[in-house]
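Novice: Here the sequence shown is numbered in this note's numbering, starting from 10 and rising by one per residue.
One structure coming up, written as structure tokens, with questions to follow.
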Amino acid sequence: NIVRYEWTFHDSTTFVGPRVTKKYDKPGYYSEMLKVIDDHGNVEYDFTQVLVVYDNQPDRWYGYTTVAYYPTFNVEPGQELIFKGRYFNVNEGEDHWDFGDGSPIEITHSDPNGYHETGYAELHHTYTKRGHYIVTFSRTANDGTPAVTQLSIFVGEPEKEWVHAPVITRQGSSPFKLISGNIMDTARGVQTLRYSLKKPGEISFMLVDMQGRTVHQWEGKNQPAGEHNLSFQHVQCNTGVYELVAVIDNIAYSEKILIK
Numbered sequence: 010n011i012v013r014y015e016w017t018f019h020d021s022t023t024f025v026g027p028r029v030t031k032k033y034d035k036p037g038y039y040s041e042m043l044k045v046i047d048d049h050g051n052v053e054y055d056f057t058q059v060l061v062v063y064d065n066q067p068d069r070w071y072g073y074t075t076v077a078y079y080p081t082f083n084v085e086p087g088q089e090l091i092f093k094g095r096y097f098n099v100n101e102g103e104d105h106w107d108f109g110d111g112s113p114i115e116i117t118h119s120d121p122n123g124y125h126e127t128g129y130a131e132l133h134h135t136y137t138k139r140g141h142y143i144v145t146f147s148r149t150a151n152d153g154t155p156a157v158t159q160l161s162i163f164v165g166e167p168e169k170e171w172v173h174a175p176v177i178t179r180q181g182s183s184p185f186k187l188i189s190g191n192i193m194d195t196a197r198g199v200q201t202l203r204y205s206l207k208k209p210g211e212i213s214f215m216l217v218d219m220q221g222r223t224v225h226q227w228e229g230k231n232q233p234a235g236e237h238n239l240s241f242q243h244v245q246c247n248t249g250v251y252e253l254v255a256v257i258d259n260i261a262y263s264e265k266i267l268i269k
């Protein structure tokens with residue numbers, strides 16, 4: 010069971026939770042990274058590519074990148090890896106390779122025209138230490154439009170990372186309390202729950218199913234004492250009973266809610 014989702018975006022902003030909304034200020038081909046940790050401490054990374062375009066230039070060609078390496082599995086320190094990368098569509102710029110281990114940026118000139126295998130740039134690289142590395146292959150057009158692709162490489166056996174569930178204090182001593190009832194009737198379009206805080210604090214929420222799995226998270230923020238709304242507009246889950254966990258200044262409190 011996945012217990013934590015961590016997003017890292019191209020602009021170094023981060024978010025915790027399985028779903029996130031992101032606004033882009035400029036066109037480009039972006040690589041956004043998701044890290045997940047399960048309840049056995051196993052860690053894995055994945056990337057999603059986002060192409061952002063100009064509204065008023067529908068026929069414009071945008072550069073994009075692709076990169077791969079071999080051997081892919083059971084990589085050990087001192088083992089030479091073969092990397093191939095390529096930039097497509099736009100005849101500008103140069104390839105930048107960042108192997109994520111502090112070594113100098115390397116530059117190549119892959120061929121943006123066509124898809125023949127000879128157009129790929131090839132580099133060999135060796136990691137000297139055990140660990141996890143993010144490889145970034147990028148190229149930027151003359152107008153500043155970036156194209157980025159990333160890889161995740163474990164050298165040696167990956168370390169486990171444990172995410173300890175917060176200790177939950179039941180209602181009674183809690184500064185958090187639902188005041189709108191504990192039923193989310195999605196069939197009637199109910200999108201918010203109303204709650205009160207007895208004291209100001211940094212508060213975040215987790216929606217946890219009866220198997221202990223976190224199915225949605227709300228980013229933490231400071232809130233004053235008083236009444237507030239919690240929006241369920243983007244929550245996607247099955248009907249049933251859930252635990253709504255409010256984490257206030259690193260202490261967790263919970264109430265059961267029914268989603269129907």
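We put the beta carbon where it would ideally sit given N, CA and C, even for glycine.
Which of helix, strand or coil does DSSP assign to SER197?
Specialist: In the sequence shown, counting from the first residue as 1, residue 197 sits at position 188. Per the sequence shown, the amino acid found at residue 197 is Arg instead of Ser. If DSSP states are grouped into helix, strand and coil, ARG197 belongs with the helices.
Novice: Would you mind working out which of GLY26, TYR39, TYR136 and ASN100 sits nearest PHE163, comparing C-alpha positions?
Specialist: Here residue 163 is taken as the residue at index 154 of the sequence shown, counted from 1. Among GLY26, TYR39, TYR136 and ASN100, the Cα nearest to that of PHE163 belongs to TYR136.
Novice: Alpha carbon to alpha carbon, what distance is there between PRO80 and ALA255?
Specialist: As a working mapping, residue 255 is identified with position 246 in the sequence shown. As a working mapping, residue 80 is identified with position 71 in the sequence shown. The straight-line gap from Cα to Cα measures roughly 45 Å.
Novice: Do GLY210 and PHE146 have their C-beta atoms within less than 7 Å of each other?
Specialist: The count along the sequence shown starts at 1 and reaches residue 210 at position 201. The count along the sequence shown starts at 1 and reaches residue 146 at position 137. No, they are not a contact pair.
Novice: Unbroken alpha helix (DSSP H) runs of length 4 or more, entirely within the stretch 16-73: which are they?
Specialist: As far as the stretch 16-73 is concerned, it has no whole alpha helix (DSSP H) run of at least 4 residues.
Novice: Kindly indicate the opening and closing residues of the beta strand (DSSP E) around SER161.
Specialist: Here residue 161 refers to the residue found at position 152 of the sequence shown. SER161 -> beta strand (DSSP E) spans 155-164.
Novice: For the beta strand (DSSP E) that contains ILE116, what are its first and last residues?
Specialist: Position 107 of the sequence shown holds residue 116. Taken as a continuous stretch (DSSP letters only), the beta strand (DSSP E) holding ILE116 covers 115-117.
Novice: Does the distance from the CB of SER40 to the CB of PHE56 come in under 7 Å?
Specialist: On the sequence shown, residue 40 is found 31 positions in, with the first residue counted as 1. On the sequence shown, residue 56 is found 47 positions in, with the first residue counted as 1. Yes, Cβ-Cβ distance for SER40 and PHE56 is below 7 Å.
Novice: Does the stretch 230-241 come into contact with the stretch 17-33, if we say contact requires no fewer than three beta-carbon pairs (one atom in each stretch) closer than 8 Å?
Specialist: No, the stretch 230-241 does not touch the stretch 17-33.
Novice: Whose C-beta lies closer than 6 Å to the C-beta of THR223 among residues of the same chain, with five residues either side of it excluded?
Specialist: Within the sequence shown, numbered from 1, the residue matching residue 223 stands at position 214. Result list for THR223: MET215 and VAL217, in chain order.
Novice: Going by DSSP in three states, GLU85 sits in which element: helix, strand or coil?
Specialist: One-based indexing of the sequence shown puts residue 85 at position 76. Coil at GLU85, not helix or strand.
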